[in-house]
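Q: Mapped onto UniProt numbering, the consecutive letters of the sequence shown carry residue numbers 1 to 150. Backbone N, C-alpha and C define an ideal beta-carbon position, used for all residues, glycine too. Quick one: the structure is below, questions incoming.
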Amino acid sequence: MSRFHSHMQAALEHAALAAARGEVPVGAVIVAPDGRVVAAEGNRTRERADPTAHAEVLAIRAACAALGSERLPGHDLYVTLEPCPMCAAAIGFARIRRLYYGAADPKSGGVAQGARVFTHPQCHHAPEVYDGIAAPEAEALLREFFERLR
Ligand SMILES: [Zn+2]
């Protein structure tokens with residue numbers, strides 16, 4: 001298994017854990033320049049009663065706290081779903097080097113559609129973006145979760 005696929009597998013595991021908590025199944029992992037996983041999180045908006053507690057935001061907060069820095073230069077973020085505009089902005093503020101994501105999100109995504117945060121003229125830092133990584137697995141988790149709600 002290639003390195004980026006194993007990190008996405010870890011993100012998928014955190015997405016599955018989020019689903020088990022009744023949260024929308026999205027997971028995110030941050031990898032330091034030396035290849036260490038420094039944060040792994042899933043959505044916790046219901047648990048924390050916090051609409052900003054998306055997996056990416058929680059992972060960025062944890063990685064920044066561990067590093068003692070408001071920025072994460074050279075760090076890569078893996079997330080199972082296309083980031084929303086809020087998370088894309090946070091990824092830019094954190095100076096994330098590369099963004100790898102799984103499923104596209106036509107409803108709330110802000111990278112390849114919607115707000116397209118990284119191509120906006122006000123965007124001060126855009127990561128390299130790689131989409132569609134393990135997308136079928138991420139989509140299956142989301143589909144199962146929303147089918148159960150019906
Ligand atoms: Zn988000």
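On the three-state DSSP scale, how would you describe V117?
A: Residue state, collapsed to three classes: helix.
Q: State the DSSP-derived secondary structure class of R98, mapped to helix, strand or coil.
A: Three-state DSSP puts R98 in a strand.
Q: Let me check you understand the geometry: is the CB of C87 closer than 6 Å to at least one non-hydrogen atom of ligand 1?
A: For ligand 1, at least one heavy atom lies less than 6 Å from the Cβ of C87.
Q: Comparing the C-beta of P121 with each C-beta of chain E, is any distance below 7 Å?
A: Of the protein chains in this structure there is only one, and it is not chain E.
Q: Along the alpha helix (DSSP H) that carries L58, what are the first and last residues, could you check?
A: Run containing L58: 55–67, per the alpha helix (DSSP H) assignment.
Q: Out of I96, A140, G132, point me to the one whose CA is closest to E70's CA.
A: For the residues I96, A140, G132, the minimum Cα distance to E70 belongs to I96.
Q: Have a look at L142, P83, L99 and flag the residue whose alpha-carbon is nearest the alpha-carbon of Q113.
A: Of the listed residues, the one whose Cα sits closest to Q113 is P83.
Q: R98 to A126, Cα distance in whole Å?
A: In a straight line, the C-alpha of R98 is about 9 Å away from that of A126.
Q: I'd like the span of the beta strand (DSSP E) that includes T80, first residue to last.
A: Per DSSP, T80 belongs to the beta strand (DSSP E) from 76–81.
Q: What residue range does the alpha helix (DSSP H) around A32 cover?
A: Premise fails: A32 is in no alpha helix (DSSP H) and is neither H nor E.
Q: Just the C-alpha distance for T45 and F93, rounded to the nearest angstrom, thanks.
A: One C-alpha to the other measures close to 21 Å.
Q: Quick check on A88: does DSSP put it in helix, strand or coil?
A: If DSSP states are grouped into helix, strand and coil, A88 belongs with the helices.
Q: Report yes if the C-beta of C64 is less than 6 Å from at least one heavy atom of ligand 1; otherwise report no.
A: C64 Cβ: outside cutoff for every heavy atom of ligand 1.
Q: CB A134 to CB G102, shorter than 7 Å?
A: Contact: yes.
Q: Using only CA atoms, which one of A49, A16, M8, F118 lies nearest to I30?
A: If we check each option's Cα against that of I30, M8 comes out closest.
Q: So, helix, strand or coil for A15, using DSSP?
A: Residue state, collapsed to three classes: helix.
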